[in-house]
Amino acid sequence: MTVEAVNPKAYPLADSQLAITILDLVQQATNYKQLKKGANEATKTLNRGISEFVVMAADAEPLEILLHLPLLAEDKNVPYVFVPSMQALGRACGVTRPVIACSVTSNEASQLKSQIVQLKDAIEKLLI
């Protein structure tokens, strides 16, 4: 999918290199049970204050079904980012179905802590 074909409302969109890094961390978070899949679960983690960052698919149709997440994430001061493909996001989440949104949750004792902090910084740079 080309960047031009993506809905302009899907901002900030990760470039291909960052998207690979994000999907890789999402896959690791799945193994560490630090991932909630789906727009509803992502909303719950934001409301409960346990979300590290939120990843959404830019090719969700219609995109409006997940556009409440950036607003909620900004309220809670949680970084969020769009990746181009929901199919790739689903694969990274370890399921066969496409996933339109997921949330990486916090866990102080996690081995992913340093990677999560690095990725949060990279996502926050996109928002500036």
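Numbering-wise (numbering that gives the first Met the number 0), the sequence shown opens with residue 0 and increments by one. From the three backbone atoms N, C-alpha and C, an ideal C-beta is built for every residue, glycine too. Quantities reported herein were computed from a predicted structural model and do not represent experimental measurements.
Could you give the first and the last residue of the continuous beta strand (DSSP E) run that contains residue i?
i    : result
A28  : Taken as a continuous stretch (DSSP letters only), A28 belongs to no beta strand (DSSP E), being part of the alpha helix (DSSP H) at 15-30.
V103 : 100-104
Which same chain residues end up closer than 6 Å to residue i when comparing Cβ atoms and leaving out the 5 residues on each side of it in sequence?
i    : result
P78  : F52, K119, I122, E123
F81  : A9, L12, M55, A57
I115 : E51
T44  : K35, S50, S102, T104
Q26  : A91
Taking the alpha helix (DSSP H) that residue i falls in, what are its first and last residues?
i    : result
A121 : 112-126
To which residues of the same chain is residue i closer than 8 Å at the C-beta, ignoring the five residues directly before and after it?
i   : result
K49 : The question names Lys, yet the displayed sequence has Ile at residue 49. These residues qualify, in order along the chain: T104, S105.
T29 : A91, C92, G93
T95 : G89
Are there 16 or more other CB atoms within 10 angstroms of the CB of residue i, so buried, or fewer, so exposed?
i    : result
M0   : The pLDDT assigned to M0 is 48, lower than 50, so where the model puts this residue is not dependable, and the model offers no usable value.
S102 : buried
V2   : Unreliable positioning characterises V2 in this predicted model, as indicated by a pLDDT of 47, which lies under 50. A coordinate reading is not provided.
P61  : exposed
L24  : buried
Q33  : buried
Can you list, in chain order, the residues of its chain whose CB lies under 7 Å from that of residue i, leaving out five sequence neighbours each side?
i   : result
P69 : Y79
A38 : I64, L65, L68, I99, A100
A87 : L22
D74 : none
I'd like to confirm something about residue i: is its beta-carbon nearer than 7 Å to some heavy atom of the ligand ATP, or not?
i   : result
N76 : Inclusion of the ligand ATP in the displayed structure is not the case, the ligand content being empty and no account of it being possible.
Which whole runs of the beta strand (DSSP E) in the stretch 27-95 are 3 residues long or more, in chain order? Listed in chain order, the complete beta strand (DSSP E) runs (minimum 3 residues) inside the stretch 27-95 are 34-36, 50-56, 79-82.
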